[in-house]
Every structure is written in structure tokens, then in C-alpha cells.
Amino acid sequence: MFKGRPLMRCCLLISGIVLLLGVLQFIFRPVPFGVISSCFRPSNPHPGIEPVLTQQAVPSPIATTTPGKSKKLTRRPVNQDLAFPQGLHYEQPHLLKPWRGDVLTVTSWLAPIVWEGTFDPVIIDSIYKPQNLTIATTVFAVGKYTRFLRDFLESAEKHYMVDFKVHYYVFTDQPTEVPSVNLAPGRELHVIPVPKFNRWQEISLRRMEIIQTTIEERIHKEADYIYCLDVDMKFHNRWGPEVLGSLVGAIHPWFYDFDRVHFTYERRPSSKAYIPKDQGDFYYMGCVFGGLVEEVHKLTKKCREHLEVDKSIGVEAAWQEESHLNWYFLYNKPTKLLSPEYLWDDLKGGTPREIRAVRFSSVIKNKAEVRENV
Ligand code: UDP
Ligand code: GAL
Ligand code: MN
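Residue numbering for the sequence shown follows numbering that gives the first Met the number 0, beginning at 0 and increasing consecutively.
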């Protein structure tokens with residue numbers, strides 16, 4: 000029909016291609032993140048019974064992603080309104096009557112420091128429970144550290160984010176050693192196989208890149224908040240939604256009354272974790288950090304990058320990833336801090352007056368026996 004009319008044929012061809020591209024784009028357009036996750040979030044048909052062994056091995060991350068070249072995460076909208084139900088009765092706050100007169104409850108950048116007495120659990124629960132949040136919780140149990148899992152998980156089921164949807168991600172080199180623990184409805188446990196590195200320092204510091212990679216692979220689709228915890232720990236009291244915040248660090252129980260010059264920061268300028276003697280707010284412990292998935296992704300990515308730069312010049316910071324975490328929190332201030340109530344150490348023995356509740360603490364372990372290379 001268009002024989003002899005090359006211009007018309009050309010126009011028709013171009014519009015055909017444009018139309019085809021349009022159709023393809025419609026079919027393959029990126030679906031909003033919430034839609035994907037609500038469609039595919041694994042529903043646990045038998046919550047609380049058997050751990051789910053997911054087959055997603057985390058290969059040696061150096062081989063999979065190079066620092067700085069990680070996948071861009073799609074933002075999962077998280078409800079951060081503090082909506083409060085009508086008609087609930089509670090104690091009135093008084094400006095001239097501080098809840099706690101004995102401890103610092105807010106930082107110089109106006110982030111709250113959470114202590115017993117600074118929050119009303121009924122108010123906090125009423126605000127956060129309706130938000131339908133999922134809290135990812137990572138815990139590594141490599142080598143002999145699988146022995147700590149049962150107490151960790153059983154005590155978490157009693158005290159950790161009770162009535163919230165918690166997804167535990169247990170990283171281990173021995174999936175068959177993960178105990179079967181009864182989980183409350185809505186809570187899930189995923190076992191993720193990881194390699195065992197030779198040195199305990201390496202096992203500890205490599206958590207940063209494995210968490211980064213796992214956030215990129217799946218956690219960004221599966222959770223709103225993420226808390227990364229040591230396994231050689233036990234819960235004793237409420238560890239609830241008062242800990243939720245964008246970026247959350249926990250103050251180390253051994254150093255909270257020390258001057259900053261005595262903090263065990265990395266002091267060699269050659270390390271990316273270097274902090275000069277006249278700098279620093281608090282000494283944070285590597286056993287607990289958390290916050291919104293997106294914020295923790297930034298944290299793990301930066302710490303992983305810095306760990307690898309150090310490694311390339313043969314430097315290992317004084318306290319491995321904990322030193323890099325302290326550097327990160329100095330230059331990216333946490334929006335909420337957990338007092339040492341949230342991270343105690345059984346080695347400290349009795350508790351001083353300011354610690355009104357020990358909520359979570361490191362158990363005493365024989366380091367020479369449980370660690371690989373001691
Ligand atoms: N870890 C592990 N296997 C090891 C060494 C460490 O699974 O052989 C993990 C485990 O989650 C542990 C964390 O790394 O809680 C940090 O190590 P550790 O608790 O020994 O350090 P500490 O708290 O004593 O400084
Ligand atoms: C210890 C703790 C280590 C590290 C160190 C920092 O008490 O066991 O994990 O945090 O303090 O000086
Ligand atoms: Mn520990």
C-alpha cells in the first residue's frame with residue numbers, strides 16, 4: 000500500500016518500534032516495593048515450630064560484590080508517625096520533674112538515650128504495635144558459637160520485641176546445629192549458611208559485609224527495621240519497641256563513665272577507623288546496632304569498605320568492626336542510643352545503681368575454648 004512512499008514507511012516503522020517499547024516497558028516496569036513485598040513475603044504456615052532452612056548461601060562476598068558497587072535498594076516506606084490511640088490513661092509528664100535525674104537521657108545532638116524510667120512501655124507499645132512492623136534480627140553462630148543459640152533464641156522469645164513480627168536470620172557454617180525453638184506466631188527463623196573463616200577476628204568483622212549483602216539480597220524486601228546482635232548473649236528483661244529508631248547504637252557497659260581519651264577507639268591514623276584522642280561522644284559496642292534497614296545498609300556498606308581498605312594495607316583495627324562502627328557513629332550520629340541496660344556484661348558482676356534493669360547481657364565464656372585461634 001505504501002509502495003513508493005519511503006517516508007511514510009519509515010514513519011510507520013518508527014511508530015511501531017515506539018509502540019512495542021511502550022508495551023515492553025509497561026510489562027516490565029518496576030513494581031513499587033511495597034507491592035512486591037506484600038505479594039512475596041514468605042508466609043510461615045507453621046509459625047513457631049521449625050526453623051526454615053533457606054538455601055541462599057552467602058558466597059564469599061569479596062567475589063560477589065565489590066565495595067561501593069552494591070545494588071541500589073528500593074525504599075520500603077516505613078510508617079514513622081507516632082499515632083496514639085484515644086482514651087488511654089497514663090502518667091502526665093512534668094517539665095520540671097525529669098524522669099531520671101541521675102543519668103544523661105539525651106545527647107548533645109538531641110538523640111534520646113533509652114533507660115528504664117525514660118519511657119512508658121504502655122505508650123510505646125500503643126504507638127508501635129499498630130504499625131505492623133517486621134524486625135529483622137541477625138545473629139551469627141559460627142564454629143563453636145552454635146552452643147549459644149538456644150539460650151539466645153529462647154530468651155529472645157520471652158523478652159525481645161514481644162508481639163512483633165521478628166524474622167531471625169541465623170548465619171552459620173553448621174545449619175544442622177541450629178536448635179528448634181518454639182517461636183510465637185508471626186515470628187520466623189531463617190538459617191543462612193556462611194563460610195567459616197579461620198580467625199575469630201575475621202568471623203566477627205566479616206559480619207559487616209555479610210549483613211550488607213543479605214540486606215541487598217532479601218532483607219530490604221522482608222523487613223522494616225534490622226537489629227544486628229552477638230550470639231553469646233541472653234535476654235533478661237523487656238527489649239521492646241522503645242529501641243526503634245533510624246540509626247541506633249548501644250553504649251558499651253565497660254566505658255560509659257570513662258573520659259574519651261581512654262576509649263578503646265582505633266588510634267593509628269593509618270586505619271580508616273582512626274579517631275583522634277580529643278574526639279568522640281561515647282564508646283559503642285559492636286554487639287548491638289540497628290535501625291531502619293536502609294540506614295543499617297549504609298552503615299554496613301561503609302564499615303565493610305573501610306575494613307577492606309585497612310586490609311589492603313595490612314592494618315586491622317584494634318577492635319575490628321567495633322572500631323569502624325565507632326568511627327561511623329562519630330560522623331553519622333545515631334538518632335537513638337541504648338543505655339548499658341540494653342547491653343550489659345555478666346563479667347561485670349553486680350549492677351550499679353544507675354542500671355535499673357539488665358535487659359540483655361553477654362554471657363561469660365571461655366574465650367580460649369570457644370574461639371578458633373586463641
Ligand atoms: N562469632 C562466631 N564464631 C566465632 C567468633 C565469633 O559466630 O568463632 C560471632 C558470634 O556471633 C559472636 C560475635 O561473632 O557473638 C562476636 O564475637 P565474640 O562474641 O567472641 O566477641 P566479644 O563479644 O567477646 O568481643
Ligand atoms: C571488651 C569486649 C570486647 C570489646 C572491648 C573494647 O569488654 O569484650 O568485645 O568491646 O571491650 O575495649
Ligand atoms: Mn560477644
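We put the beta carbon where it would ideally sit given N, CA and C, even for glycine.
| query | result |
| --- | --- |
| Three-pair Cβ contact test at 8 Å for the region 306 to 315 versus the region 77 to 89 | no |
| Helix, strand or coil at Leu324 according to DSSP, with G and I counted as helix | helix |
| Length of the line joining the Cα atoms of Thr263 and Lys271 | 15 Å |
| Residues sharing a beta bridge with Tyr159, DSSP | Trp238 |
| Cβ pair count under 8 Å reaching 3, the region 339 to 353 against the region 247 to 265 | yes |
| Straight-line Cα distance separating His323 from Thr334 | 18 Å |
| Through-space distance from Lys71 to Arg355, alpha-carbon basis | 42 Å |
| Phe257 classed as buried or exposed, judged by whether at least 16 other C-beta atoms fall within 10 angstroms | exposed |
| Ser361 (DSSP reduced to helix, strand or coil) | strand |
| Pair within 8 Å by beta-carbon distance, Val165 and Ile218 | no |
| Shell residues, 5 Å Cβ cut-off relative to heavy atoms of the ligand MN | Asp229, Asp231 |
| heavy atom of the ligand GAL below 7 Å from Met284 C-beta | yes |
| Identity of the residue in Lys364, Val190, Ile112 nearest Asp172 by Cα | Val190 |
| Straight-line gap, Asn78 to Pro120 (C-alpha atoms, nearest Å) | 19 Å |
| Which listed residue (Phe359, Arg352, Gly285) has its alpha carbon closest to that of Phe328 | Gly285 |
| Check whether Leu152 and Tyr167 have beta carbons under 8 Å apart | yes |
| Any non-hydrogen atom of the ligand UDP within 7 Å of Gly142 CB | yes |
| Residue span of the beta strand (DSSP E) that contains Thr136, given as start and end | 133 to 140 |
| Cβ shell of Ala222 (< 7 Å), same chain only, five flanking positions each side left out | Thr133, Ile134, Ala135, His166, Val292 |
| Boundaries of the alpha helix (DSSP H) in which Thr213 is found, first to last residue | 206 to 213 |
| Ile202 (DSSP reduced to helix, strand or coil) | helix |
| Cβ neighbour criterion (16 or more within 10 Å) applied to Tyr330 | exposed |
| Proximity to Leu182 [Cα-Cα], best of Ser154, Tyr224, Arg206 | Ser154 |
| Straight-line gap, Lys157 to Arg267 (C-alpha atoms, nearest Å) | 42 Å |
| Where Thr63 falls: helix, strand or coil (DSSP) | Per-residue confidence for Thr63 stands at a pLDDT of 39, beneath the threshold of 50, marking its modelled position as unreliable; no derived number is given. |
| Arg205, buried or exposed, once every other Cβ within 10 Å from all chains shown has been counted against 16 | buried |
| Residues that Ile170 bridges to, as DSSP identifies them | Residue identity check: residue 170 is Phe in the sequence provided, not Ile. Phe139, Ile191, per the DSSP bridge assignment. |
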